[in-house]
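Enquirer: Can you keep this structure in mind? I'll have questions shortly.
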Amino acid sequence: MHFPEKGTIIAPASMHLAIYEQIGNRLGVQVLSLQTFVRSFLCEPELTDIEYIFQIKEHLQDLNPTNPFYESRKDPEFLTQVYQFLKKSHLYEIDTYPSETSKEKALLEIIQCCQDIHFPTIEIPALHNVYILRKEYPDFDWVDILLDHGAQWLESDTEPETHYVTMATNRKQAQWICEEIINNNYDANDVYIALNDEKDQAVMVQMLDTYQIPYTLTNKPNHSLIPSQWLACLNYAKQKSTKNLCHLIQVCFPKEKDVLDWYELGFKDNDVYEPNAFVDAYTYSHYQYAKAKAQQFEQEHDLDFSIHDFEKMATLIQSLHAPTQENIAIFQSIQELIVASYDKIQTSDDLAILYHAIQNIPTNQKNTSLEGVWIGPRQNISPLQKITFLMNVHSKTYPDLRQENGIFNEDYVSKINWPTLAYRLDTQKEMLKKGLKQPDILYVSYPQTDYQSKAYEPSIEMNDWLGSAAFIDVLEPSHFERPNHSLSKTMAETLFVKKDKVRGSVSSFETFVHCPFRYFLQYGLYLKEPKDWTDIRIRGSLLHKILEEGIRTYGKDYVNQNLDAIVDDQFQWIEKHFPTKMNWIQNQKNEVKWQLHCLLARLKPFEEQWHMEPQDLEHEFYLDTDTYSLHGFIDRIDGTKGAFVIFDYKSSQKEITKNEFAKGLSLQLPTYAIEREQETHQVPIGIFYISLTSPMSTQMGVKLNYQRKKDNYDLETLKYAQKEYFDKGRIKGWVFDRQDLTLYDDSQWFQPKSEIPSFGKIKTMWEEIMTSIVEDIRSGTIVAQASSDACTYCPYRSICRTSRQIVDKPDRVKEEE
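Quick note on our numbering: the sequence shown kicks off at 274 and runs consecutively.
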């Protein structure tokens, strides 16, 4: 392709810089966009798009209420469609419209209401030395007009070398493109990667980064918050609701989380703090502080849609951003929309047009330099780049020709003096086909499946041109190295050791064994998981507290009592302080009551037969040694005069195994038993979990036996389901030193376990395990190697990500010789 020595080159604004770099210092050549060039022939000044839309809205106020589109006359999307149709009708000089059907009559009335709206005429002279860069143009009608007046195509006149391939996935497609660039030693500045789908850009950019290939995004998105901040301010000015104010805070003041919490929860501090199961004293004081701050915030940001408040919005948004070139350009674009529409805004409903215009404002950044591979849309394939890779060319994306839709669809425009559908499709096909022939080398590719493994069909049009695609098996590269986190011993001592001891709860030591990296984040850096009282996970601790209150009040007879009053008492505090959440609170209360009812029905037979009595609830303990200090609470201790049993409430089904204990993954119950035995010198009988969830059992109608040739089925009865339910609901744990619980009627409730070490052996193992854990903590081990179930509900998963590794934890007890 040869550039002219003088004249005008028409090309998209995103390609101007590349053209100037190639033509050099040719003072006789100017480069303009198609829209700018066409506007130069206007016989009179033209209004802006938003001014025309406001005019149309004003003219449609006289629309007959019986018109089917009457309710849409203020809708910005509807008004935009009317504006675009009227503008095209003026271009094609259409003055006759159909009126046969009810829809056509309704649209004719709309057009007649707007007939006084004036569009400036355009007089285009004979064009000399005007060159249109060969590519796809969405405004192909204007291209045709310019060509009719003497403009010429600026294009390549040679056929390209073509390659048509397919591979398994989109990621492999991106990988193949990078390898093709490297293997063929292509100059990155000569390569253009054309996207049929803008979603492919993220994958392609990631792969180019991996292969360290430089690139430039021709349509680089600007992720500025300025448009969304204007929209949030306008929304709040239109309707001062709590919802809109919360959105304003989220968008403009994301760090004001405490203010947002108060608004979202509707907190009401009408008295002093009282201990409850939902909110602790610290959180209560936080809510009080947030309320005061929120009231001040609301006073400072009382917005309306007067000119004074528009200035307040502009000042506010300007103060949130650095004055970069991109921010200034976006802000000025929005400011122009406001200036053009301000005198039209009389009521809050009029804000909708301005809101819609800001929503659709283009925010792509202009490139100030071009380096490496270009990445952009398919429509920008041109002779500027010698080598082009066209991605994702399958039946859903190619050729993807435009047709008229909306209220003025193909059925409607076929009845007026509009270019025919056949002509418009042929024009787009020709423009697309000739555009693809502009590079010297063209690679066309598509993946065979999407990310959900749904198959893509090849494009018929592309197959007709290039034949069937050749499959390429792309091998995965191995560039990834897993990060290895570690601390120096000095840093570990600083973070985890206080007064020469590692201090914490038993669960914190278990956390270290499950995942040292989580222990580092939670107990070294003190990163807290964001929680509030609406978290559904609080239900387990709530049931625990209700059972505790029931046992304190009624003893073992709590299973025969109606504990709804205790539930109501637990919820009374949040009902008083969060009145806006009353529906949610009531639903949660009903859920807890039902869950409690099922739990008491399951525990009733056990409590009535259990021969021991509760001795202590929520027993606080301290266990100190030379190297560590433990502090915690034992949920429930039952016993007789000289013996005791430990019970621990759990929100899920849980059991203790010798294997998990030896690895340090199940330390709570053994620790409780060891501490209690040291404190009281009583005999430990056993340690057990009590699940607060009721197990689900399935009652089958028929059970098949394939080993029998005849009568190979048994009818299932309710007793089978009841037996399964009973087995699932047994108390799981350990009985120490072969204590014979079968002497008591309640022995059936304890799930039998074999190969349980003696209590003396358990104490020895426990000491060895704890010593091993303390040594590892102090050594600085924080590698993200987690046990099989440690990551399921871990709040820190977004932090470790690629460093996470699931491993089988080793025993911390030395094998006996």
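Every residue, glycine too, gets a C-beta built ideally from N, C-alpha and C. On a predicted model such as this, the values are computed, not experimentally measured, just so you know.
With DSSP as the reference, label Thr722 as helix, strand or coil.
Expert: strand
Enquirer: Taking the runs of the beta strand (DSSP E) that are 3 residues or longer, which of them lie wholly in the stretch 478-514?
Expert: 488-490
Enquirer: Between the alpha carbons of Tyr922 and Asn757, how many angstroms are there, rounded?
Expert: 37 Å
Enquirer: Of the residues Asp389, Ile1055 and Ser759, which one's Cα is nearest the Cα of His787?
Expert: Ile1055
Enquirer: If the criterion is Cβ atoms closer than 8 Å, does the pair Ile634 and Pro500 meet it?
Expert: Yes, the Cβ-Cβ distance between Ile634 and Pro500 is below 8 Å.
Enquirer: Apart from the five residues on each side of it in sequence, which residues of its chain come closer than 8 Å, Cβ to Cβ, to Cys386?
Expert: Contacts found: His332, Leu333, Asp335 and Leu336.
Enquirer: Drop a sphere of 10 angstroms on the beta-carbon of Lys516, count the other beta-carbons inside from all chains shown, and report buried for 16 or more, exposed for fewer.
Expert: exposed
Enquirer: Specify the secondary structure class of Trp1007 as computed by DSSP and reduced to three states.
Expert: strand
Enquirer: Could you please give me the residues that DSSP links to Asp921 through a beta bridge?
Expert: Tyr962
Enquirer: Return the first residue and the last residue of the beta strand (DSSP E) that Val403 is part of.
Expert: Val403 -> beta strand (DSSP E) spans Val403 to Leu406.
Enquirer: Using a Cβ-Cβ cut-off of 6 Å (strictly less than) and excluding sequence neighbours within five positions of Gln1078, which residues of its own chain qualify?
Expert: Gln1058
Enquirer: Between the alpha carbons of Ile397 and His422, how many angstroms are there, rounded?
Expert: 7 Å
Enquirer: Which stretch, first to last residue, makes up the beta strand (DSSP E) that contains Thr1044?
Expert: No beta strand (DSSP E) holds Thr1044; the alpha helix (DSSP H) holding it covers Phe1032 to Ser1052.
Enquirer: Tell me the rounded alpha-carbon separation between Asp1062 and Cys1073.
Expert: The alpha-carbon atoms of Asp1062 and Cys1073 are separated by roughly 15 Å.
Enquirer: Taking Gln605 as the reference, which of Gln591, Asp553 and Gly297 has the closest Cα?
Expert: Gln591
Enquirer: Can you pull the DSSP bridge partners for Ser642?
Expert: Paired residue(s): none; Ser642 is not in a bridge.
Enquirer: Report the CB separation of Glu409 from Leu705 in whole angstroms; it is logged as a contact under 8 Å.
Expert: About 6 Å separates the CB atoms of Glu409 and Leu705; that is less than 8 Å, so the two are in contact.
Enquirer: Based on DSSP bridge pairs, tell me the residues matched to Glu802.
Expert: BP columns for Glu802 are empty, so no partner.
Enquirer: With burial defined as no fewer than 16 other Cβ atoms inside 10 Å of the residue's Cβ, what is the status of Pro712: buried or exposed?
Expert: Result: buried.
Enquirer: Given 8 Å as the limit, is there contact between the stretch 439-447 and the stretch 625-633, that is, 3 or more CB pairs closer than that?
Expert: no
Enquirer: Identify every run of the beta strand (DSSP E) within the stretch 406-471, keeping only runs that are complete inside it and at least 3 residues long; order them along the chain.
Expert: 425-427, 434-440 and 464-468
Enquirer: Ile390: which of Pro487, Leu320, Tyr343 and Trp449 sits nearest, CA to CA?
Expert: Leu320
Enquirer: Between the alpha carbons of Ile733 and Arg697, how many angstroms are there, rounded?
Expert: 20 Å
Enquirer: Determine whether the beta carbon atoms of Thr489 and Leu300 lie at a separation below 8 Å.
Expert: no
Enquirer: Note the first and the last residue of the continuous beta strand (DSSP E) segment covering Arg776.
Expert: Lys774 to Gly777
Enquirer: Looking only at C-alpha atoms, which of Leu381, Tyr365 and Arg776 sits nearest to Ser372?
Expert: Taking the Cα of Ser372 as reference, the smallest distance to any Cα among Leu381, Tyr365 and Arg776 is reached at Leu381.
Enquirer: What does DSSP give as the partner residue(s) for Thr227 in the beta ladder?
Expert: Look at the range of the chain in this structure, 274 to 1090, and you will see that residue 227 is not part of it.
Enquirer: How many whole angstroms separate the CB atoms of Asn402 and Gly280, which I take to be in contact at a CB cut-off of 8 Å?
Expert: Contact holds; Cβ gap of about 3 Å.
Enquirer: Quick one: using the 10 Å Cβ neighbour count with 16 as the cut-off for buried, is His817 buried or exposed?
Expert: buried
Enquirer: Per the DSSP calculation, Glu893 is bridged to which residue(s)?
Expert: Phe906
Enquirer: Quick one, which of Phe744, Leu760 and Asn665 has its alpha-carbon nearest Asp1091's?
Expert: What the structure shows of the chain is the stretch from 274 to 1090, and residue 1091 is not part of that stretch, so it cannot be assessed.
Enquirer: Should Pro285 go down as buried or exposed, given a rule of 16 or more other Cβ atoms within 10 Å for buried?
Expert: buried
Enquirer: Provide the residue span of the alpha helix (DSSP H) that contains Gly280, from first to last.
Expert: Premise fails: Gly280 lies in the beta strand (DSSP E), Gly280 to Ile283, not in any alpha helix (DSSP H).
Enquirer: Note the first and the last residue of the continuous beta strand (DSSP E) segment covering Val304.
Expert: Val302 to Leu305
Enquirer: When DSSP labels each residue in this structure, what does Ser759 get in the three-state scheme?
Expert: strand
Enquirer: In terms of residues, what are the limits of the alpha helix (DSSP H) holding Pro656?
Expert: Bounds of any alpha helix (DSSP H) do not take in Pro656, whose DSSP letter is neither H nor E.
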